[in-house]
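Note that the protein sequences, when read in sequence, are chains X and Z.
One gets my numbering by counting positions in the first sequence from 1 and adding 1367 to each.
One gets my numbering by counting positions in the second sequence from 1 and adding 10 to each.
Even for Gly, the Cβ is constructed at its ideal location relative to N, Cα and C.
Here the structure is a predicted model, which means the values were calculated and not measured.
Heads up, the thing below is written out as structure tokens.
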Amino acid sequence: ILNVEQSPQSLHVQEGDSTNFTCSFPSSNFYALHWYRWETAKSPEALFVMTLNGDEKKKGRISATLNTKEGYSYLYIKGSQPEDSATYLCAFKPAGNNRKLIWGLGTSLAVNP
Amino acid sequence: NAGVTQTPKFRILKIGQSMTLQCTQDMNHNYMYWYRQDPGMGLKLIYYSVGAGITDKGEVPNGYNVSRSTTEDFPLRLELAAPSQTSVYFCASSQAGGKETQYFGPGTRLLVL
Chain X
1368 ILNVEQSPQS
1378 LHVQEGDSTN
1388 FTCSFPSSNF
1398 YALHWYRWET
1408 AKSPEALFVM
1418 TLNGDEKKKG
1428 RISATLNTKE
1438 GYSYLYIKGS
1448 QPEDSATYLC
1458 AFKPAGNNRK
1468 LIWGLGTSLA
1478 VNP
Chain Z
11 NAGVTQTPKF
21 RILKIGQSMT
31 LQCTQDMNHN
41 YMYWYRQDPG
51 MGLKLIYYSV
61 GAGITDKGEV
71 PNGYNVSRST
81 TEDFPLRLEL
91 AAPSQTSVYF
101 CASSQAGGKE
111 TQYFGPGTRL
121 LVL
């Protein structure tokens, strides 16, 4: 059974703090790793799709790294703002004909002003 | 630029009733998906489609049916609503599977009493 785990489950930080969280996935049979941002009462929005070991992606104050050999990805938020409060989901796509993403349960981030 | 649209936004059903959740995308995407999201459970894939006329089961297909007669539309049918189907339902689409970003609709909140 393929499993994607995210940690921590939830996180509370102060405005201005930098933070990071982890997505762990099977290290064998890797194809792609997705990060999504999901605000309360909205729908998930894509942040990054990562495919190569050592990939680093950045969008504003948010960045992500990928280690396919050991099966993890980190998401970093620099100088957190209240508008960063959301659940951050990762999803793993294994190689092969299976067309489905395997989703983690997310890390819920609350940024206190 | 509509993207993925879903109707209705909210519905209350009685046990045993049936209904169809509508999903339409205007991005000419081949792949479409139906997810349900229950508190603390993350996104669960119900059904997906890789093109018009082709559908396949996801993780939790029981109690649901889908069809894909056009590229744009991917309706989800509940035949005999049960309280266990109380959830938030998200439709998503992507150009292809794997490396392609999934674009989500706004969700349909369903309450079965």
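(message) Strictly below 9 Å CB to CB, what residues from chain X border residue 112/Z?
(response) Counted from its first residue, the second sequence places residue 112/Z at position 102. Chain-ordered, the chain X residues with CB closer than 9 Å to the CB of residue 112/Z read 1401, 1403, 1411, 1413, 1458 and 1468.
(message) Tell me the rounded alpha-carbon separation between residue 72/Z and residue 1480/X.
(response) Taking the first residue of the second sequence as position 1, residue 72/Z is located at position 62. Taking the first residue of the first sequence as position 1, residue 1480/X is located at position 113. Computed Cα separation, rounded: 44 Å.
(request) Leaving aside the five residues before and after residue 76/Z along the sequence, list all residues of the same chain whose C-beta is less than 6 Å from its C-beta, in chain order. (result) Residue 76/Z sits at position 66 when you count from the first residue of the second sequence. If we look at residue 76/Z and ignore the five residues flanking it on each side, its Cβ neighbours are 57, 65 and 86.
(request) Starting from residue 1392/X, trace the beta strand (DSSP E) both ways and give me its first and last residue. (result) Here residue 1392/X refers to the residue found at position 25 of the first sequence. For residue 1392/X, no beta strand (DSSP E) encloses it, and the DSSP letter there is neither H nor E.
(message) For a quick check, are the C-beta atoms of residue 49/Z and residue 118/Z less than 8 Å apart?
(response) For this step, residue 49/Z is matched to residue 39 along the second sequence. For this step, residue 118/Z is matched to residue 108 along the second sequence. With respect to residue 118/Z, residue 49/Z sits apart: the two C-beta atoms are not nearer than 8 Å.
(request) Compare the C-beta of residue 1389/X with all C-beta atoms of chain Z and state if any pair is closer than 8 Å. (result) Counted from its first residue, the first sequence places residue 1389/X at position 22. Chain Z contact via Cβ: absent.
(request) Output yes if chain Z places a C-beta closer than 8 Å to the C-beta of residue 1418/X; else output no. (result) Numbered from its first residue, the first sequence carries residue 1418/X at position 51. It does; some Cβ of chain Z falls within 8 Å.
(message) Which residues of the segment 83–105 of chain Z have a Cβ closer than 7 Å to any Cβ of chain X? Give them in chain order.
(response) Within the segment 83–105 of chain Z, the residues whose Cβ lies closer than 7 Å to some Cβ of chain X are 100, listed in chain order.
(request) From the DSSP output, in three-state form, read off residue 1450/X for me. (result) Taking the first sequence and counting its residues from 1, the one referred to as residue 1450/X is at position 83. Correct three-state label for residue 1450/X: helix.
(request) Just the chain X side, please: which residues come within less than 8 Å of residue 31/Z by C-beta, in chain order? (result) Numbered from its first residue, the second sequence carries residue 31/Z at position 21. Against residue 31/Z, chain X offers no close residue; the least beta-carbon distance is about 14 Å (beta-carbon pairs closer than 8 Å).
(request) Answer yes or no: does any C-beta atom of chain X fall closer than 8 Å to that of residue 120/Z? (result) Numbered from 1 along the second sequence, position 110 holds the residue referred to as residue 120/Z. Cβ-Cβ to chain X under 8 Å: no for residue 120/Z.
(message) Mapping the DSSP letters down to three states, classify residue 94/Z as helix, strand or coil.
(response) Counting from one through the second sequence, the residue named residue 94/Z turns up at place 84. If DSSP states are grouped into helix, strand and coil, residue 94/Z belongs with the helices.
(request) Taking residue 1426/X as part of the beta strand (DSSP E), name the residues at either end of that continuous run. (result) Taking the first sequence and counting its residues from 1, the one referred to as residue 1426/X is at position 59. For residue 1426/X, the enclosing beta strand (DSSP E) begins and ends at 1423–1426.
(request) Using three-state DSSP, classify residue 106/Z as helix, strand or coil. (result) The count along the second sequence starts at 1 and reaches residue 106/Z at position 96. Three-state result, residue 106/Z: coil.
(request) With distances taken Cα to Cα, identify the nearest neighbour of residue 1416/X among 1473/X, 1451/X, 1401/X and 1397/X. (result) The residue labelled residue 1416/X in the question sits at position 49 within the first sequence. Comparing alpha-carbon positions, the option among 1473/X, 1451/X, 1401/X and 1397/X lying closest to residue 1416/X turns out to be 1401/X.
(request) Express the C-alpha separation of residue 51/Z and residue 1432/X in angstroms, rounding to a whole number. (result) Locating residue 1432/X in the first sequence gives position 65, where the first residue counts as 1. Locating residue 51/Z in the second sequence gives position 41, where the first residue counts as 1. The straight-line gap from Cα to Cα measures roughly 25 Å.
(message) For a quick check, are the C-beta atoms of residue 1471/X and residue 1453/X less than 8 Å apart?
(response) In the first sequence, residue 1471/X corresponds to position 104, counting from 1. In the first sequence, residue 1453/X corresponds to position 86, counting from 1. No; because the gap between Cβ atoms is not below 8 Å, this pair is not in contact.
(request) Please work out which residues of its chain come closer than 8 Å, Cβ to Cβ, to residue 1437/X, disregarding the five sequence neighbours upstream and downstream, and give them in chain order. (result) The residue you call residue 1437/X lines up with position 70 of the first sequence. 1394, listed in sequence order.
(request) Using alpha carbons as the reference points, say which of 1412/X, 1422/X, 1421/X and 1389/X lies closest to residue 1372/X. (result) Looking up residue 1372/X in the first sequence gives position 5. Cα-wise, what sits closest to residue 1372/X is 1389/X.
(message) Looking at the secondary structure, which residues open and close the beta strand (DSSP E) in which residue 1477/X lies?
(response) Taking the first residue of the first sequence as 1, we reach residue 1477/X at position 110. Bounds of the beta strand (DSSP E) holding residue 1477/X are 1474–1479.
(request) Identify which residue in 1413/X, 1461/X and 1455/X has its Cα closest to the Cα of residue 1475/X. (result) Here the question's residue 1475/X lines up with position 108 in the first sequence. Answer by Cα proximity: 1455/X.
(message) Let me check one thing: in DSSP terms, what residues is residue 1458/X bridge-paired to?
(response) The residue given as residue 1458/X occupies position 91 in the first sequence. Looking at the DSSP output, residue 1458/X shares a beta bridge with 1401/X and 1470/X.
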